[in-house]
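Below: the structure, in structure tokens.
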């Protein structure tokens, strides 16, 4: 049995955490994602940029009152990539049989 390739973009712990979070909500702001993942602002920004460049998420920058707000949403491509990743992991797990 050949093991399926794991998406290297989602194989990063923080990027996988971001996608896992976004797949279960309509949107999430940067601060919320940062709090749930425990990531630093700098590292989270870099990982969000990578997910955005891949087309897995969209980012909208705006303001809530006078405070800047960054909102992230998963895209259909991101949902598909996540599902493929989970499906591949299940094949790894079932290979023990």
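Numbering (the numbering used here), first residue to last: 109 to 205.
Ideal Cβ positions, reconstructed from N, Cα and C, are used throughout, including at glycine.
Notebook entry, point to check: Can you list, in chain order, the residues of its chain whose CB lies under 7 Å from that of residue 141, leaving out five sequence neighbours each side?
Noted result: Taking the chain shown and counting its residues from 1, the one referred to as residue 141 is at position 33. Here the set comprises 126, 129, 152 and 180.
Note to self: In the DSSP output, what is residue 165 paired with across the bridge?
What the structure shows: As a first step, residue 165 is located in the chain shown; it is residue number 57 there, counting from the start. Note: residue 165 sits in a beta bridge opposite 182.
Next item on the list: Count the other CB atoms, across all protein chains shown, that sit within 10 Å of the CB of residue 201; report buried if there are 16 or more and exposed otherwise.
Entry: Here the question's residue 201 lines up with position 93 in the chain shown. Exposed, since its Cβ has fewer than 16 Cβ neighbours within 10 Å.
Check: With residue 203 and residue 112 assumed to form a contact (beta carbons below 8 Å), what rounded beta-carbon distance in angstroms separates them?
Finding: Your numbering for residue 203 matches position 95 in the chain shown. Your numbering for residue 112 matches position 4 in the chain shown. Between residue 112 and residue 203 the Cβ distance is about 11 Å, and since that is not below 8 Å, they are no contact.
Checklist line | Beta-carbon contacts of residue 185 that lie in its chain and below 7 Å, excluding the five residues immediately before and after | finding: Taking the chain shown and counting its residues from 1, the one referred to as residue 185 is at position 77. Only 163 and 164 meet the Cβ criterion.
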